[in-house]
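Note sheet for the following structure.
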Amino acid sequence: MLDKYNPAEIESKHYRNWEEQGRFRPDFSRSGAFSIQLPPPNVTGTLHMGHAFNQTIMDGLARYYRMKGRNTCWIPGTDHAGIATQIVVERQLAEQGVSRRDLGRDGFLQKVWDWKNLSGGTITEQMRRMGCSADWEREYFTMDDTRAQTVTEVFVRLFEQGLIYRGKRLVNWDPVLGTAVSDLEVESVEEQGSMWHIRYPLADNPSDGLIVATTRPETLLGDVAVAVHPEDERYAALIGKELLLPLTGRRIPVIADEYVEKDFGTGCVKITPAHDFNDYEVGKRHDTALINVFDLTAKVLAEAEVFDFKGRAQSGFRLPESYAGLDRFAARKQIVADLEAQGLLAETKPHTLMTPKGDRTGSVIEPMLTSQWFVAMNAKPAGGEPQSAFQGMSLAEKAKYAVDSGQVKFVPENWVNTYNQWMNNIQDWCISRQLWWGHRIPAWYDSDGRVYVARSRAEAEKLAGKSGLTRDEDVLDTWFSSALVPFSTLGWPSETPELEAFLPSSVLVTGYEIIFFWVARMIMMTTHFTGKVPFHDVYIHGMVRDHEGRKMSKSEGNVIDPVDLIDGIGLPELLVKRTTGLRRPEKAPQVKKATEKLFPEGIPVFGTDALRFTMASYASLGRSINFDFKRAEGYRNFCNKLWNATNFVLMNTETHDCGQDETQPLAYTFADQWIIGRLQQTEAAVTEAFDTYRFDLAAQALYEFVWNDFCDWYIELAKVQLQTGCPTTQRTTRRTLVRVLEVMLRLLHPIMPFITEELWQTVAPLANAKHTGSIMQAEWPAADQEKIVPAAFEKMAALKDLTEEVRKLRGEMGLAPGIKAPLLVEGGSGLADCLKYLPALARLSEAKLTDKLPEDGDAPVAVCQNARLMLKVEIDKAAETARLGKEAEKLQKALDKLNAKLAKPGYTDKAPAHLVEKDKADLAELQDKMAKVAAQLAKLKE
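Taking the UniProt record's numbering, the leading residue of the sequence shown gets 1, the next gets one more, and so forth.
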């Protein structure tokens with residue numbers, strides 16, 4: 001017999017063995033390849049439920065194709081996460097009273113590397129806990145030496161091809177970090193603010209003017225125009241006229257532009273192209289100036305900076321002294337006060353607005369005109385590309401063509417629309433960041449400001465023809481290096497066996513939120529530098545939310561660490577809080593009491609396999625999931641069910657003849673043929689599910705077969721055959737048990753790797769299976785349609801019908817579970833094969849055929865499979881009436897208690913909705929049970 005199921009023990013043992021034995025390495029002797037790249041998680045991070053979700057999918061695919069005989073390579077790595085990592089280390093230094101500038105650039109970077117070497121491997125260790133069969137010998141870090149060389153090579157080539165340039169453009173600017181940030185690092189937060197209506201006087205008639213509504217009056221200082229819709233009759237006569245910009249005296253024109261919504265607000269929009277992305281596009285169309293009024297800490301400048309749209313500096317001008325040096329929000333208050341004092345503030349209204357904030361600092365993002373490095377999305381490259389179907393296209397055209405031509409497919413397909421929408425509106429990519437941690441831009445400047453892009457300082461000095469160059473201080477956007485992952489991890493620019501075998505990779509598994517930021521850029525870079533697409537399929541999965549459908553976040557207090565769930569650490573308190581609403585610290589005693597009630601036998605340890613099966617069951621195409629602990633608990637029970645079923649099989653087969661000797665006779669019953677046929681159907685269903693990325697359907701098919709078909713039905717039938725069958729029948733039954741179980745374990749392995757490895761090691765020899773040392777190298781089961789016997793399915797359907805009808809008869813008669821009664825069957829000669837199983841399935845003393853049922857007016861008769869069924873039993877009416885009376889009393893007490901709870905004033909309005917729904921469902925169930933007991937009592941009184 002097996003010991004008690006202990007997930008922690010078997011998980012640590014088997015993962016260590018797999019890794020030590022090199023089970024995760026690719027095998028180049030195999031024909032056909034399956035490769036997959038891990039979306040590199042941030043080196044600062046720890047595993048969250050989203051990781052657990054996509055890593056279950058990725059590892060499931062890797063294990064599936066490895067078992068199918070493919071040369072399988074899953075490449076893991078971590079991202080250096082420029083902003084996040086720099087923040088972590090700076091905070092640690094701040095606790096010591098040290099800033100990065102105290103250390104200098106080199107000293108600070110050494111501190112970052114020290115931190116990375118000490119703490120940066122947390123998430124990869126957690127991936128091992130998830131059972132990820134990645135080839136750790138190929139693990140990369142986006143700042144390691146190999147990636148650094150690739151990044152430099154790519155940057156230089158793009159610059160030489162005219163696809164990288166430096167220019168002054170509007171970017172998202174985080175004033176706290178002091179750097180440009182990507183759209184992905186900006187969160188839009190709904191806030192309550194104000195809408196200020198400001199009067200802009202006409203220059204030639206100051207008593208008249210236009211009313212402009214704005215949520216950001218502090219940017220007024222940089223206004224270059226007021227725009228109206230060209231078809232707005234109210235302002236048609238004013239187009240081309242000049243206004244006096246309040247508080248400054250500057251003259252600005254009234255312009256016409258379709259960007260303005262004439263029916264929204266006053267129909268007049270202030271245009272500040274240096275501090276608003278939409279205004280930037282309007283200004284560009286009208287060739288206005290760009291007036292920057294903030295410094296890089298978002299304080300008002302003493303003198304405005306003026307540029308044209310080519311980034312050329314123009315003559316600046318002084319800003320009002322009363323605002324110089326003020327933070328933008330302090331300036332806002334002062335400007336509003338001054339407008340009101342001068343009679344230029346028409347009104348102030350409350351307004352709900354979406355405020356862009358940096359996801360790392362929480363500071364309000366300021367659109368800022370700064371000098372940055374950009375990758376041109378729509379420019380044609382000046383040669384230097386590999387020959388391919390993509391040659392001569394711009395980067396954006398390549399990314400579009402890869403998808404339009406079907407070389408890259410999205411799963412689900414509807415995400416193509418999102419991809420194309422972004423691609424059709426693509427802007428040049430800002431790739432520079434004002435940080436110290438990251439890939440430093442390989443550009444050097446001479447004293448005249450001329451730039452030299454090169455692979456090294458020596459090469460730059462050779463290009464310049466002189467020494468004493470100064471290197472660019474900026475580093476590259478983290479997404480730049482991660483965009484190169486499909487080929488930077490395979491040895492490019494060298495022609496390596498890995499590059500040949502694993503590019504394109506088979507599939508990319510990722511979330512929808514980075515389709516543009518990462519997926520599209522990988523397609524651009526890979527097609528441009530290799531002439532190949534980076535991957536064939538892009539499987540887009542949904543977001544993991546809490547059980548109420550809310551995004552998991554630290555502020556909500558609903559974040560779950562998958563490893564905590566696996567081990568049971570911290571789970572009870574979190575589960576109690578989420579299911580009872582007991583969240584405040586003063587509720588600690590109630591939480592403790594509720595925890596003990598929920599977990600009377602101690603804290604549950606779900607284990608990795610149960611969590612992975614839960615995630616697989618949720619993996620419908622593209623849908624976000626609401627994670628429910630109860631489902632995870634159910635799959636923990638599923639693991640136990642599998643473990644106990646294996647125990648039963650081992651106890652009945654280990655020291656017995658299991659039909660390994662093919663010369664010995666075998667006699668398959670319809671029950672044996674049915675389970676073997678169902679196994680073939682399950683093999684086909686699970687294979688198709690993996691091939692089409694329907695992990696939910698794979699999990700469903702496996703669950704139904706293991707729990708329902710094998711455990712609930714076939715094992716019970718096998719018990720009868722082992723106890724009453726002849727030696728040949730017994731041998732055949734044992735053979736069927738071990739062989740079906742062995743195949744079942746292989747089918748389960750991609751989703752549940754640990755428990756299947758543990759059980760397979762014992763079961764495989766009994767099943768005479770080819771032992772490969774690990775289930776990971778075992779052959780994937782292939783369905784054989786010839787093993788599906790329709791007649792056996794028909795007989796099994798008849799047996800199930802009979803069993804259900806007999807159980808209903810027992811219920812009608814109110815028979816207690818311990819009472820065994822004889823079953824009489826009239827007109828069921830074709831059911832003879834089924835009757836021998838019924839006593840075990842329906843708690844009968846016997847089941848036999850009869851020519852005619854006895855006349856008994858009190859005994860109910862059921863009709864099933866053209867036969868009439870009767871349970872012949874004498875009931876002690878007094879005893880049964882007393883038993884049912886006690887049950888009715890117990891049910892009534894439960895009903896009264898629940899009705900009182902629901903009737904309590906305010907409960908249904910204030911309590912969490914899911915708790916109220918559960919109470920209502922419990923009430924309906926109790927009412928149904930009470931109705932059945934009442935019906936049985938009434939029948940006894942007849």
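Built from N, CA and C at the ideal position, the CB exists for glycine as well.
- Assignment of alpha helix (DSSP H) within the segment 683-722, counting only whole runs of 4 or more residues, yields 695-703 in chain order.
- Shown here, Glu804 sits in a helix according to DSSP, grouped into three states.
- Met522 is positioned such that its CB atom lies no closer than 8 Å to that of Pro504.
- With respect to the C-alpha of Val789, the residue from Met368, Tyr668, His528, Leu61 having the closest C-alpha is Tyr668.
- Apart from the 5 residues on each side of it in sequence, Glu716 sits with its Cβ closer than 7 Å to the Cβ of Ala840, Leu841 in its chain, given in chain order.
- Residue Val43 holds the alpha-carbon nearest to the alpha-carbon of Ser482 among Ala337, Val43, Lys13.
- In this structure Ala685 does not touch Cys430 by the C-beta definition: roughly 48 Å separates them, more than the 8 Å allowed.
- Straight-line spacing of the CA atoms in Gln126 and Ser188 works out to 31 Å.
- Leaving aside the five residues that flank Thr150 on each side, the residues in its chain whose CB is nearer than 7 Å to its CB run, in chain order, Leu484, Ser488, Trp492.
- In the DSSP annotation of this structure, Gln55 is not part of any beta strand (DSSP E); the continuous alpha helix (DSSP H) holding it starts and ends at 49-67.
- Classified as buried, Glu11 has 16 or more neighbouring CB atoms from the shown chains inside 10 Å of its CB.
- Within its own chain, the residues whose Cβ lies closer than 7 Å to the Cβ of His351, once the five positions on either side in sequence are excluded, are Gly193, Ser194, Met195, Thr215, listed in chain order.
- Scanning Thr682, Asn378, Ser774 for the CA closest to the CA of Met524 turns up Asn378.
- Classified as exposed, Gln664 has fewer than 16 neighbouring CB atoms from the shown chains inside 10 Å of its CB.
- Contact annotation: His536 and Val507 have beta-carbon atoms nearer than 8 Å.
- Shortest Cα-Cα distance from Leu202 to any of Arg251, Glu233, Val706 involves Arg251.
- The alpha-carbon separation between Tyr693 and Phe34 amounts to approximately 14 Å.
- With fewer than 16 other CB atoms across the displayed protein chains lying within 10 angstroms of its CB, Glu786 is exposed.
- In the structure shown, Trp436 falls within a coil segment according to DSSP collapsed to helix, strand and coil.
- Here DSSP, grouped into helix, strand and coil, assigns Ala821 to strand.
- Rounded to whole angstroms, the separation of the alpha carbons of Leu895 and Lys68 is 55 Å.
- Pairing His275 with Pro367 gives a Cβ-Cβ distance under 8 Å.
- The count of Cβ pairs closer than 8 Å, one atom from the segment 862-879 and one from the segment 803-814, reaches three, so the stretches are in contact.
- The beta carbon of Ala934 sits closer than 8 Å to those of Ala888, all from its chain and outside the five residues before and after it, given in chain order.
- For Phe309, the CB contacts under 6 Å within the same chain, skipping 5 residues up- and downstream, are Lys284 in chain order.
- Between Thr772 and Arg23, the alpha-carbon positions lie close to 11 Å from each other.
- Taking a contact to require three or more Cβ pairs closer than 8 Å, the segment 76-96 and the segment 39-56 qualify as touching.
- In this structure, Ala792 keeps its C-beta atom at 8 Å or more from the C-beta atom of Asp696.
- Contact annotation, Ala832 with Leu849: C-beta distance approximately 7 Å; criterion of less than 8 Å satisfied.
- Counting of Cβ neighbours within 10 angstroms places Gly311 among the exposed residues, the total staying below 16.
- Counted as a single uninterrupted DSSP element, the alpha helix (DSSP H) harbouring Pro497 occupies residues 497-502.
- When DSSP reads this structure, Phe627 sits in no beta bridge, so it has no partner.
- As summarised for the segment 291-318, the continuous beta strand (DSSP E) elements at least 3 residues long and confined to that stretch are 300-307, 313-318, given in chain order.
- Beta bridge pairing from DSSP links Pro350 with Ser194.
- In the DSSP secondary-structure assignment, Tyr200 is bridged to Leu210.
- Assignment of beta-bridge partners to Ala862 by DSSP yields Leu869.
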